[in-house]
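Enquirer: Residue numbers (my numbering), protein chains in the order written: chain H, 1 to 240; chain Z, 241 to 332; chain V, 333 to 1328; chain L, 1329 to 1743.
Glycine included, every Cβ here is placed at the ideal spot set by N, Cα and C.
Being a predicted model, the structure only gives us computed values, none of them experimental.
Pasting a structure here, questions to come.
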Amino acid sequence: MAEHWQRQSPLTHLGLSAHDKNETSAASLVMAELRFLAKVTLRGRIPGESVRTALGVSLPGEPNTVMTGNNLSALWLGPDEWLIVGPPDAERAMTGQLAKALPGTAVVDVTEGRTTIRTRGPMVLDILAMGCPLDLHPRAFGPGRCAQSTLGRSPIILHQVDGAPLFDIHVERSQADYLWTWLETAGRPYGVAVEAVTAPPAWRRPAPRRYPGAFPPFAPSPSRQPTRGATVPARSVPSS
Amino acid sequence: MMLIPCPWCGDRLDAEFTCGGEAHIVRPDPATASDAEWADYLFMRKNPKGVHHERWFHAHGCRRWFHITRDTVNHRILAVYAITDSAPEAAG
Amino acid sequence: MQSWRNSTGGIIDRSRHLSFTFDGKRLSGHPGDTLASALLANGIHLVGRSFKYHRPRGIVGSGVEEPNALVRLGKGGSVEPNARATTTELFDGLVASSQNRWPSLAFDVGALNSVASGLIPAGFYYKTFMWPAKAWTFYERFIRRAAGLGQAPEEPDPDVYEKRYAHCDVLVVGAGPAGLQAARAAARSGARVIVADEQAVPGGSLLGEHVTLDGVAGQEWPDSVRAELESMSDVTLLTRTTVVGYYNHNFLVAVERVTDHLPAGESALPRQRLWKIRARHVVLATGAIERPLVFPGNDLPGVMLASAVRAFANRWGVRCGARAVVFTNNDSAYRSAIDAADCGIHVTTIVDCRAAPRGRLVEEAHSRGIDMMAGSAIAGVEGRKRVRGVAISSLDESAPAALRKECDLVMMSGGWNPTVHLASQSGTRLAWDESLATFVPGDAATHQTSAGAAAGTFGLVECLRSGALAGTEAAARTGFDGEAPAVPEVEGDTGDGALDLEAFWHRPASPRDGKAFHDLQNDVTTADVALATRENYVSVEHFKRYTTTGMGTDQGKTSGVNGLAILASLRGEAIPAVGHTTYRPFYTPVTIGALAGIETNGDLYDPVRKTPMHTWHEKNGAHFEDVGQWKRPYCYPRAGETVDEAVQRETLAARTSIGILDASTLGKIDIQGADAAEFLDRIYTNMFSTLKVGRCRYGLMCRDDGMVFDDGVTARIAENRFLMSTTTGGASTVLNWLEEWLQTEWTDLEVYCTSVTTHWAAIAVAGPKSRALVSELTRADLSAEAFPFMAWRDADIAGIAGRIFRISFSGETGFELHVPASYGLALWRNLMTAGEKYGITAYGTEAMHVLRAEKGFIIAGQDTDGTTTPHDLGMSWIVSKKKKDFLGMRGLSRPDTLREDRKQLVGLLADDSAVVIPEGAHVSPQPAARPPVPMEGWVSSSYMSPNCGRSIALALVRRGHDRIGEEVAIPLENGIVRARIVKPVFFDEEGARLRG
Amino acid sequence: MKYSLWNLLRQAPRGHRDWPQAWRNPEPKESYDVIIIGAGGHGLATAYYLAKEHGITRTAVLEKGWLGGGNTGRNTTIVRSNYLWDESAHLYEHSLRLFETLSQDLNFNVMFSPRGVINLAHNEHDLKELRRRGHACRLNGIDYEMVTPREIKEIAPIINISRSIRYPVLGGAMQRRAGNARHDAVAWGLARRADEFGVDIIQNCEVTGIDVRDGRVTGVQTTRGAIRANRIGAVPAGHASVVASMAGLRLPVESHTLQAMVTEPVKPVIDTVIMSNTVHVYISQSDKGELVLGAGIDGYNSYSQKGGINVIEHQLEGLCELYPIVSRLKIMRAWGGIVDIAPDASPIISKTPVEGFYINCGWGTGGFKATPGSGWVFAHTIAQDRPHRLNEAFSLGRFESGLLIDEHGAAAVAH
Ligand SMILES: Cc1cc2nc3c(=O)[nH]c(=O)nc-3n(C[C@H](O)[C@H](O)[C@H](O)COP(=O)(O)OP(=O)(O)OC[C@H]3O[C@@H](n4cnc5c(N)ncnc54)[C@H](O)[C@@H]3O)c2cc1C
Ligand SMILES: NC(=O)c1ccc[n+]([C@@H]2O[C@H](COP(=O)([O-])OP(=O)(O)OC[C@H]3O[C@@H](n4cnc5c(N)ncnc54)[C@H](O)[C@@H]3O)[C@@H](O)[C@H]2O)c1
Ligand SMILES: Cc1cc2nc3c(=O)[nH]c(=O)nc-3n(C[C@H](O)[C@H](O)[C@H](O)COP(=O)(O)O)c2cc1C
Ligand SMILES: [Zn+2]
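Structure follows, in structure tokens:
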């Protein structure tokens, strides 16, 4: 029987290590991998409040927005689909709790299906614009917004975390390598730095436990802002 | 490069979508459909020059199917409606 | 020595010298120069040879319209052929050379074509080179060598390119006076604005004029607007950026030349950047291009557009000649003549086709001592490599013969063509404007406004006003209100008022007068138009293609209207009745690299998808194959082993000890909901509602025409929950297929599908020792009784919470282990370590293929080809007869799918067991001596099977199921292989191992 | 006047004053024996072979625009016959053979140039497909050879055969007798000869209605008036559904935009045609020097000859990977055509439920190569009121019976 494991994120093999502070402050794009964030999808006709009671975060009703609370983010993915992102190792508790609270809805642990690349820096909007067709201008997007789209040739779930701006890109694990290289290449002429990579926690089998009420703190982002974007303009009418 | 109005996500680049072709094709009852009817359902299409009711799938977005009415000549989008709705009268 | 450069005037920096070479000759210019202005400052007019006749050619224009001055820039991998000298910014160390000449520009052997030009009129090649038959390829070789303009680089491109999307409320194309006013108006309203201009600095034609705006020199005024625009946060001003394409729903594509104007290596930035802009409203302020006149000899170096001579004088302080004759049909050339004279060119004569030109400009020209010849035209040009004089004759037929004037410069103006390319591309119809004798934009087809000269407004004050209006309106249409900026107070010659143009297209001339070109780049003459008309290539599109008018790199910017006007006159019809050809992208040619961007380099062209165990495969020498976007180990050759040997070893190991396969790429879909079972009953050909929780079942999916399209094992996880597996390539197709049926057809079903393909790492462990190995890693009871074939269970495996499936694609006792992906590598390593004592062997896709073929298991996509039904595969047992409906059911009872002579899956055993029949080979009843040989089917899978000790094959053979035992022939290139049709199972037919 | 070097020489000193019209501009007559709808290559070839092979010359070819202006005038001119299924192979091979002597036949140089066509394989599945096709071709008597990356490199030195690119070249299949022809010349040459036979080619004449009485056609309505005929052959390519609907029929085709483009002309860099399905590019160089590049289709129904830039971008990404030296060349012009695609990617050359109404369509992205062959069998079908052996399988009925000729093959390998 195995003694211990190295739990491996899809970018572990790159041996990413943080650049020093000077380098990150000079860079136009700063990237980090957020490993092992817990991710659970919810499908069904679900009253947002029931999730709030179960997990401490409400489900956003408005398309392409995010609600946060209790160290969790709930991302709107579709009219009957949400992704709840939490700190590492929370997935079991989350799925357990949800399944109990919402019988008849589809609750699927998809933690391992994606990893998260966090991007920020003075040129982050420009560099994302090199491969993503979304309009990320503050008038059209903003903190608390999310969207599914593509970056380069990879499908992504994009979440603007704050107004700095800082974006979390949830990418399918098999394509993480590709997307990382894509971002590095796109940003290369302008300077790219790697920021503290959250260390993979050692594997421990989560003891069967009750819903803890609050999840372990999860706040690597520098300036977190309230849930929704302040300026969500009315949707534009289709042109012509 | 069209701007497709997803009823959920708003206007998005057409490359995020898959076009599902002609809308409102009724799948006949396999128990009673003749070979000709089945062929009609499988293969025959209106393929109109002009107003076309069609299905689109927001493949790289919310992954929902919906209907649009589009002019196949100038690509104007004349209507957007739910996948469960029938074609709007006004748009032809 | 820049002896043709004035000591003052223009917007160049005379304090700095830039050194460059042309055809090896070292020359100098100044910052602010283009290659063309610098060449002219050095007195160089002859810059190239024409496409077809190799005639000497010079610089005609001063911007994008240039048809002649195409040069080769750079060296080695950085070469760019066919660059316009007029838009190439000068930098220190620029290397340019002339093209399409041999051995030299001055002495070009190709000029013989000119001598033989009588033999090679438009379309001559359609009429000859047909004899002897098949000889065309011989002639063609020479034609190909003679054709082409520049030379492609011979090495890979050292530069990088960038692409980006952008979004705005208002896009203004062109930053001339109209565009700048529009941008200002829109920007002040608070709209998000992008302004793009292809030149290095904003200002457009203002840069080449002498006026003041609000007291500021016209050449400086744009700077103040620029400063204002740049101070606003939601405004982007892009210079050196050409908008090249106008696509649906106001999606425009532009190319920014980021570092082309810098010496190599000076900047780490990309060479060019492609902008893909979605604009809610577009203002087209693209200006106008002066039209040449068509007369014999109008292609000689020294014959230039009047406005170009003016621009070279005003903007670059360059005299294009010493003595000039002007030829015009409108007033604007007078302004050019006056400015040319002011710059020190001796303008001797203005030849005006109009009978009685009059007005202020005429008087002013007169006052400078310029001769006037009204009602006349240039009838011929003298000179060999440069203009030496012109012959002028009256348009009045009865007038005496031509008059000769000495000159080294001819300035011509046939009027102006608004730059309507983008408007037309967008679908806006063009309207003929009789007074301007040109096309102007009609009613806009999209959210779009044309302004300034692009709309046919040629006066400066009017341009400024129309720009401001367009900008204000554009902003208002996108929800931003603002006041139109005031029109600056303009002093100087504003050009407002009518052009007073009298159309003059061409005058019938005899061949003796020399060739009169309307298309300089493609060497198309009026004689060619006449020939095309005579032969009835009179549709404007036939005319274009027959004569190649407008088909050069300039896409007819100067030739278009002239060409069709001449055609119209020969057809005896009005020009609008003849119509124009289609404006298409790109407005100016676009570098392929820029359109490709960073996604050209191998790593980024298409994502390489990797499994959690990928690094292990790499370290252990895997030979990879591409399956969809995935990289999968094909086999793991050891030192000294060939690929085939590795496959044989791996295949054998899986049946003798333990084989282990990375199966993570298989699609996995979590299916939940009250109607999940019913849903699967409709999707699969067989029944799933009867499946028990804790068990799995193999299923086949058909399209609704009955053709097999995917397969896989689906497990029932709970009453209302299933885990479906799909083929690697089919994963996303199947998921989309399921969603489509759920959302569009069976909206009453409550079912939710979620992809968990990459959530799980999957490892197949197969072979007689597999149970022993897996049992070591789990406490679960894996005995055949407790955990029979096609069961599954949750289990801790090596301490990781996962699932074990008792399934097998190899036909061996086997287990498929699923653990969360981030533990995949850990589990794999653990299995390898624990399995060492059993001789565990990693196997790749090819061994997997051999193993399954030994068992006769199909691979969808290899043993099916889109025309194969489950019955054809001998899998009627999997087609439910109880169900009322499922996808494909009705399709299976069509006349052809019911036919008995369909191609059916069988096994094939070559008579010679050492012979592996090539895959894709065809089966024949009795091979005829000569083709066509009748074909009865084809070999879909074929391998050397180490476990059977011989070669085996699967094939789809007509009526195969009835022909077991029959001998067939497989005719190959080098002989015939004989084989026997057998049942498609070669190993362990009873399945004892599978279930054991 | 015959087209020949001799006549060219004779005309030179006269300023080419005596060349006659290549075709007339006749006024439509009241009635014809046969009306062909669409003066694309296929329609013109049909009229030509009706006259030449079947002696039917009272034919009108009605064209809504200018002759040859449809897909015939906008394709990448690849001509080959190495198809997988017997039915296709025989039809395209017949056409290729007609191409081999078409210039002499028409006395018009259509510049058929058998410079060879190579199909690339980028993965094991591609290789298998090519081999399968190769075996079939050999047995059908169609020349076909597998070529190694090294051999491909020798033929086309600008190709990158490095193994380290995303989709490396693993091999290819070459048909040496395949190549290019000049698209316009094919239409013009056919028009000129058909016209010589007395066929009326009527341009700017759009068919707006088809008259059907008691289940059989009696004539057409056009923008230039009504014209009667008992036999009508429709060859309207992208507009097949539109024309068929005038006769009350629905077809199993959908119209999409297919794009192509040319670079600026350069001196010869590639002397053969290379196609890649996996990377979706094909490349050849025209006699004038442009690289002629084909892209993929836009994914939605369209009747506009303008496609999306994304298709071009993706194609050129692949092109740069395969042919790195093209990166600095410039695209001069891009355009689109409306192609009518059938579910099995094979054409329909067939009688229809309406008597006297014949349809020839569904050529999709690949019918230029079939131009003479298609006209030849369609002429036979119309003249005899029954298909020729070569086009029997390409009937409308196959969609009902299920006997498709699936040239898509299986999409991607799946295991
Ligand atoms: C970009 C592109 C690249 C291609 N590349 C290749 C290639 O490399 N090799 C190859 O073999 N094939 C290729 N093809 C396909 C090939 O061009 C076509 O299959 C072929 O040219 C079709 O010829 P046609 O005569 O049937 O159609 P067309 O040439 O399109 O002719 C149909 C004619 O019918 C007319 N018409 C339509 N409706 C009416 C009406 N109501 N009344 C009167 N007239 C009407 C149209 O105006 C048109 O002129 C390509 C196509 C495109 C668009
Ligand atoms: N007197 C005359 O006969 C006459 C005739 C024509 C124009 N003009 C003068 O020309 C000026 C016209 O002003 P305007 O602003 O309309 O035009 P402009 O020519 O001054 O400016 C147009 C600008 O658009 C740019 N441009 C064109 N196409 C582009 C593209 N696709 N992408 C990016 N940039 C592009 C050009 O480089 C130029 O800078 C006035 O000053 C007018 O008096 C005079
Ligand atoms: C094989 C081929 C070569 C072509 N070469 C040129 C060319 O050299 N220059 C050019 O401007 N257009 C060229 N074209 C494109 C045509 O100008 C035109 O765009 C095309 O026939 C479609 O017609 P349209 O643009 O009028 O709709 C070529 C087209 C084809 C099919
Ligand atoms: Zn959506």
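1) Quick one: grab the DSSP three-state call for cysteine 249 of chain Z.
2) Nearest chain V C-beta to alanine 106 of chain H closer than 9 Å, yes or no?
3) When the Cα atoms are used, what is the spatial distance from glycine 1368 of chain L to glycine 356 of chain V?
4) Specify the secondary structure class of valine 1106 of chain V as computed by DSSP and reduced to three states.
5) Which residues, in order along the segment 1213-1237 of chain V, keep a beta-carbon less than 8 Å from a beta-carbon of chain Z?
6) Using 8 Å as the threshold, is the segment 1229-1247 of chain V in touch with the segment 1301-1321 of chain V, meaning 3 or more CB pairs across them?
7) Between alanine 645 of chain V and the rest of its own chain, which residues show a CB-CB distance below 6 Å, the 5 nearest in sequence each way excluded?
8) According to the neighbour-count rule (16 or more other Cβ atoms, all chains shown, within 10 Å of its Cβ), is leucine 1230 of chain V buried or exposed?
9) In this structure, how does DSSP classify isoleucine 1733 of chain L when only helix, strand and coil are distinguished?
10) Considering only the alpha carbon of each residue, which of L/Ala1707, L/Ile1611, L/Asp1672 lies closest to asparagine 1688 of chain L?
11) Does isoleucine 1364 of chain L get closer than 9 Å to chain Z when you measure Cβ to Cβ?
12) For the putative contact between alanine 638 of chain V and alanine 665 of chain V, defined by C-beta atoms under 8 Å, what is the C-beta separation to the nearest angstrom?
13) With burial defined as no fewer than 16 other Cβ atoms inside 10 Å of the residue's Cβ, what is the status of proline 47 of chain H: buried or exposed?
14) Nearest to lysine 1101 of chain V by alpha carbon, out of V/Thr1059, V/Arg1053, V/Leu1163?
15) Among all residues, which have a Cβ less than 5 Å from at least one non-hydrogen atom of ligand 5, and in what chain order do they fall?
16) Would a check of beta-carbon distances place threonine 1591 of chain L closer than 9 Å to chain V?
17) What did DSSP end up calling alanine 859 of chain V once you bin it into helix, strand or coil?
18) Between glycine 1398 of chain L and glycine 1566 of chain L, how many whole angstroms is the CB-CB distance? I'm expecting something under 8 Å.
19) Since serine 1729 of chain L meets chain V, which of its residues come closer than 8 Å, beta carbon to beta carbon?
20) Would you kindly work out how many angstroms separate the C-alpha atoms of glycine 1188 of chain V and phenylalanine 297 of chain Z, rounded to a whole number?
21) Can you check whether the C-beta of alanine 196 of chain H is within less than 9 Å of a C-beta belonging to chain Z?
22) Can you check whether the C-beta of asparagine 64 of chain H is within less than 9 Å of a C-beta belonging to chain Z?
23) Out of V/Ala786, V/Leu1109, V/His946, state which residue places its alpha-carbon closest to the alpha-carbon of histidine 13 of chain H.
24) For isoleucine 924 of chain V versus cysteine 1648 of chain L, is the C-beta spacing smaller than 9 Å?
25) Pop quiz: leucine 1718 of chain L and leucine 1419 of chain L are said to be a contact at Cβ under 8 Å. What is the actual Cβ separation, rounded to whole angstroms?
26) Got a sec? Which residues, its chain only, sit under 6 Å from arginine 204 of chain H by beta carbon, not counting five neighbours each side?
27) Looking at the C-beta of aspartate 1734 of chain L, does it have a partner C-beta in chain Z at a distance below 9 Å?
28) Are the beta-carbon atoms of methionine 704 of chain V and valine 713 of chain V separated by less than 9 Å?
29) Could you check how far apart the C-beta atoms of isoleucine 1370 of chain L and threonine 1693 of chain L are, in whole angstroms? I think they sit under 8 Å.
30) Serine 1678 of chain L versus chain Z: which residues are under 8 Å apart at the beta carbon?
Expert: Let's see:
1) coil
2) yes
3) 50 Å
4) helix
5) Within the segment 1213-1237 of chain V, the residues whose Cβ lies closer than 8 Å to some Cβ of chain Z are Lys1216, Asp1217, Met1221, Arg1222, Gly1223, Arg1226, Pro1227, listed in chain order.
6) yes
7) Asp671, Ala672, Cys675
8) Result: exposed.
9) Here isoleucine 1733 of chain L sits in coil by DSSP.
10) L/Ala1707
11) no
12) Contact holds; Cβ gap of about 4 Å.
13) That one is exposed.
14) V/Leu1163
15) Although ligand 5 was asked about, the structure shown includes only ligand 1, ligand 2, ligand 3 and ligand 4 as ligands.
16) yes
17) helix
18) 7 Å
19) Arg1226, Pro1227, Asp1228
20) Approximately 38 Å, taken between the alpha carbons.
21) Not an interface residue.
22) yes
23) V/His946
24) yes
25) 5 Å
26) Any answer about arginine 204 of chain H is weak, because its pLDDT of 35 lies below 50 and its placement is not dependable; what the coordinates show is given next. The beta carbon of arginine 204 of chain H sits closer than 6 Å to none of the beta carbons in its chain outside the five residues before and after it.
27) no
28) no
29) The sequence given here places histidine at residue 1370 of chain L; isoleucine does not occur at that position. Not really, about 14 Å apart at Cβ, beyond 8 Å.
30) Within 8 Å Cβ-Cβ: nothing; serine 1678 of chain L doesn't reach chain Z, min ~14 Å.
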